[in-house]
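Visitor:
Numbering (this note's numbering), first residue to last: 560 to 884.
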């Protein structure tokens, strides 16, 4: 498909990045019935959106370091914006941006944009009035389920859920997310693997490891995410492993802005305060909090927990390889 052409022309280091987009299915797969089976969000799940920050990551392709990448993240009680920028040799910078609002289910994207090097950008639009997701690269559209994410908002949605209720994400716990790419959407089962120590340029970090489970038989593409409580549960490491063993990863390098103290205001919405009482969504509340130990988190509906656990994102830089064998 169109996803393959860019990857095919890119050098190996860039190809890996293109891979992150790998979750994409063919345009024909973006049919309504597929989205109709998306897990339904349920009320009562807590979330606490991470405070704003300019984050920097070392990038590695099969263990070889490339130029650092950045994640620009801003959030308040009503809105969020995320811009992931990764420079790739010979190809240019890959930029993935997601912006939207905060609702009772957590992050609610309005628009997701992928810009790979010099290629034109691809856009997915979450039309909440019509309850549809539409794309610029295909005429296909999808129903818009509550709690739906794009590839990169998915990482911060996971961080928000874990911040809101860290004890709920024990090893073996699996949560389902409906994730949208630039031409399709699919369910991602994310499992909590457990607490692990990882090595970064800044030293060792205690993290909680999440892994996307196979989405279908024969799915060998793997995505792992490590969230660090000392960083307010921001992603400390994201790694995508391709079916052929190729690995692309982002590893925490530090914050680019001066405020590294974690004293940022924590915007938590408590949708259940009124919703539990009268069945309607209440307004959000803003409560100051410690990023590492969020206080009032919100009882926001999120995807239904499954008996099994975890998650974040293909987001290790979605790239351009076709996801279907």
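Beta carbons are placed, not taken as given, at the ideal position from N, Cα and C, and that holds for glycine.
Residue 704 and residue 736 - do their beta-carbons sit closer together than 8 Å?
Guide: no
Visitor: Classify residue 675 as buried or exposed, calling it buried when 16 or more other Cβ atoms lie within 10 Å of its own Cβ.
Guide: buried
Visitor: Ends of the beta strand (DSSP E) at residue 683?
Guide: 681 to 686
Visitor: If we count the other Cβ atoms within 10 Å of its Cβ and call it buried at 16 or more, is residue 665 buried or exposed?
Guide: buried
Visitor: Determine which residues share a DSSP beta bridge with residue 779 and list them.
Guide: For residue 779, which the question treats as bridged, DSSP gives no partner whatsoever.
Visitor: Which runs of the beta strand (DSSP E) fall wholly inside the segment 708 to 775 and span at least 3 residues, in chain order?
Guide: 733 to 739, 744 to 759, 762 to 771
Visitor: Which residues mark the beginning and the end of the beta strand (DSSP E) in which residue 796 is found?
Guide: 793 to 800
Visitor: Within 10 Å of its beta-carbon, does residue 808 have 16 or more other beta-carbons around it, so buried, or fewer, so exposed?
Guide: buried
Visitor: Is DSSP giving residue 788 helix, strand or coil here?
Guide: helix
Visitor: Run through the DSSP bridge pairs and tell me what residue 659 is partnered with.
Guide: 639, 668
Visitor: If you reduce the DSSP assignment to three classes, tell me which class residue 650 lands in.
Guide: Coil, per DSSP.
Visitor: So what does DSSP say about residue 633, is it helix, strand or coil?
Guide: Three-state DSSP puts residue 633 in a strand.
Visitor: Quick one: using the 10 Å Cβ neighbour count with 16 as the cut-off for buried, is residue 776 buried or exposed?
Guide: By the 10 Å Cβ count, residue 776 comes out exposed.
Visitor: Which one of 690, 694, 688 has the shortest CA to CA distance from residue 682?
Guide: 694
Visitor: Output the distance between the C-alpha atoms of residue 785 and residue 764, rounded to the nearest integer angstrom.
Guide: Near 10 Å, if we compare the C-alpha coordinates of residue 764 and residue 785.
Visitor: Helix, strand or coil: how does DSSP classify residue 644 here?
Guide: strand
Visitor: Could you check how far apart the C-beta atoms of residue 711 and residue 641 are, in whole angstroms? I think they sit under 8 Å.
Guide: Confirmed, about 6 Å.
Visitor: Any idea what DSSP makes of residue 674, helix, strand or coil?
Guide: strand
Visitor: Near residue 656, which residues of its chain fall below 6 Å by C-beta distance, leaving aside the five closest residues on each side in sequence?
Guide: 642, 672
Visitor: Can you tell which of 652, 761, 688 has the C-alpha that lies nearest to the C-alpha of residue 679?
Guide: The shortest Cα separation from residue 679 among 652, 761, 688 belongs to 652.
Visitor: Quick one, which of 608, 615, 767, 616 has its alpha-carbon nearest residue 660's?
Guide: Comparing Cα positions, the closest option is 608.
Visitor: Can you tell me which of 783, 745, 811 puts its alpha carbon nearest to the alpha carbon of residue 791?
Guide: For residue 791, the nearest C-alpha among the options comes from 811.
Visitor: Between the Cα of residue 767 and the Cα atoms of 630, 717, 605, 747, which residue gives the shortest distance?
Guide: Of the listed residues, the one whose Cα sits closest to residue 767 is 717.
Visitor: Output needed for residue 885: all residues of its chain with C-beta closer than 6 Å, excluding positions within five of it in sequence on either side, in chain order.
Guide: The structure shown does not extend to residue 885, since the chain is modelled only from 560 to 884, so the question has no answer here.
Visitor: Please state the DSSP three-state secondary structure of residue 624.
Guide: Strand.
Visitor: Roughly how many angstroms separate the alpha carbons of residue 753 and residue 732, rounded to a whole number?
Guide: 10 Å
Visitor: For residue 769, which option in 714, 677, 646 has the closest C-alpha, if you only look at C-alpha atoms?
Guide: 714
Visitor: Identify every residue that forms a DSSP beta bridge with residue 702.
Guide: 691
Visitor: Under the rule that 16 or more other beta-carbon atoms within 10 Å means buried, what is residue 610, buried or exposed?
Guide: buried
Visitor: With DSSP run on the structure shown, which of helix, strand or coil describes residue 813?
Guide: strand
Visitor: State the DSSP-derived secondary structure class of residue 805, mapped to helix, strand or coil.
Guide: coil
Visitor: Apart from the five residues just before and just after residue 592, which ones in its own chain have a Cβ nearer than 7 Å to its Cβ?
Guide: Legend: pLDDT at residue 592 = 38, less than 50; position of this residue unreliable, value from coordinates given subsequently. Same-chain partners within the cutoff: there are none.
Visitor: Based on DSSP bridge pairs, tell me the residues matched to residue 618.
Guide: 625, 809
Visitor: How many angstroms separate the CA atom of residue 701 from the CA atom of residue 762?
Guide: 44 Å
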